[in-house]
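**Q**
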Amino acid sequence: MEAIDNVNLPQARPVLSRLRDYALVGSRAFGQRAIIYTAAIALAGYYYELRVALFFFFAIALCEIYDIVVLRYILRNTRSKTLKIRKSLFHIYMTTALSATTIALFCIAIAIQQGVGNSHFLPLFLLISASIFAAMNNHQFLYVLGFRLAIYIGAILYIPIRDVVVARP
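To convert, count from 1 in the sequence shown and add 2; that's my numbering.
(1) Measuring alpha carbon to alpha carbon, tell me which residue in Tyr154, Gln142, Ser29 is nearest leucine 175.
(2) Give me the residue from Ala102, Leu124, Ala169, Ala111 with the minimum Cα distance to serine 133.
(3) Between leucine 73 and glycine 28, how many whole angstroms is the CB-CB distance? I'm expecting something under 8 Å.
(4) Please go through the same chain and pick out, in chain order, the residues whose beta-carbon is closer than 6 Å to the beta-carbon of valine 167, but skip the five residues on each side of it.
(5) Does the beta-carbon distance from alanine 136 to leucine 147 come in below 9 Å?
(6) DSSP three-state label for asparagine 120, please.
(7) Pop quiz: isoleucine 110 and isoleucine 161 are said to be a contact at Cβ under 8 Å. What is the actual Cβ separation, rounded to whole angstroms?
(8) Does DSSP classify leucine 18 as helix, strand or coil?
(9) Is asparagine 139 near threonine 98, with beta carbons less than 9 Å apart?
(10) Taking all protein chains shown into account, do 16 or more other C-beta atoms lie within 10 angstroms of the C-beta of valine 17, making it buried, or fewer, making it exposed?
(11) Mind checking whether isoleucine 105 and leucine 128 have CB atoms under 9 Å apart?
(12) In whole angstroms, what separates the C-alpha of leucine 85 from that of glycine 156?
(13) Sort Cys65, Asp69, Leu26, Ile114 by Cα distance to alanine 169 and report the nearest one.
(14) With a threshold of 16 other CB atoms inside 10 Å of the CB of arginine 150, please say whether the residue is buried or exposed.
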């Protein structure tokens, strides 16, 4: 029982099954995420600044690598019941913070490149799509979902507020 952070097994079972479900869903959604990120970055690189798009491509790739490592760790260790729950949740929060912040900054960078007075369709569409994707795939831990959505909502609000501040009508 020491391997499960000093929590007895009956109390840890629901958390272990949610961790395993989170890891399975995250692993299965990797292909979808890769296609979405590649398409969004290709559009940004073609229509806006290629260097900025490439920077975010590598930043998102690093976040995805970290996410894959965490998901594989969870899947490997929930089978053997040697998973450290607190450590796993910490890494889930870290990967959520890193990936959501990177996506939000990517969308903000696109909005800045578009300039003031633009509808900012692409960055706002990407943020809303990311929010819907997160709600469909991150429901196992509501605090993690709320954390991710808070980052996206912050970016959604920042984009038009920045335009108002810069334009000062």
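For each residue, glycine too, the CB sits at the ideal point set by N, CA and C.
**A** Taking the definition as stated:
(1) Nothing about residue 175 can be read from this structure; the chain reaches only from 3 to 171.
(2) Along the sequence shown, read from residue 1 onward, the residue named residue 133 stands at position 131. Measuring from the Cα of serine 133, the nearest candidate turns out to be Ala102.
(3) Looking up residue 73 in the sequence shown gives position 71. Looking up residue 28 in the sequence shown gives position 26. Indeed they touch by this definition, with Cβ atoms about 5 Å apart.
(4) Looking up residue 167 in the sequence shown gives position 165. Nothing meets the Cβ criterion.
(5) On the sequence shown, position 134 is the one that residue 136 refers to. On the sequence shown, position 145 is the one that residue 147 refers to. Their beta carbons are under 9 Å apart, which means alanine 136 touches leucine 147 by this criterion.
(6) Numbered from 1 along the sequence shown, position 118 holds the residue referred to as residue 120. The answer is coil: DSSP assigns asparagine 120 none of H, G, I, E or B.
(7) For the purposes of this step, residue 110 is identified with residue 108 of the sequence shown, where counting begins at 1. For the purposes of this step, residue 161 is identified with residue 159 of the sequence shown, where counting begins at 1. The Cβ separation is near 6 Å, so the contact holds.
(8) Taking the first residue of the sequence shown as position 1, residue 18 is located at position 16. Here leucine 18 sits in helix by DSSP.
(9) For the purposes of this step, residue 139 is taken as the residue at position 137 of the sequence shown. For the purposes of this step, residue 98 is taken as the residue at position 96 of the sequence shown. For asparagine 139 and threonine 98, no; Cβs fall outside 9 Å.
(10) Taking the first residue of the sequence shown as 1, we reach residue 17 at position 15. Under this definition valine 17 is a buried residue.
(11) For the purposes of this step, residue 105 is taken as residue 103 along the sequence shown, with counting starting at 1. For the purposes of this step, residue 128 is taken as residue 126 along the sequence shown, with counting starting at 1. The answer is yes: Cβ separation under 9 Å.
(12) Locating residue 85 in the sequence shown gives position 83, where the first residue counts as 1. Locating residue 156 in the sequence shown gives position 154, where the first residue counts as 1. Roughly 33 Å separates the two Cα atoms.
(13) As a working mapping, residue 169 is identified with position 167 in the sequence shown. When only C-alpha atoms are compared, the closest one is Ile114.
(14) Looking up residue 150 in the sequence shown gives position 148. Per the 10 Å Cβ criterion, buried.
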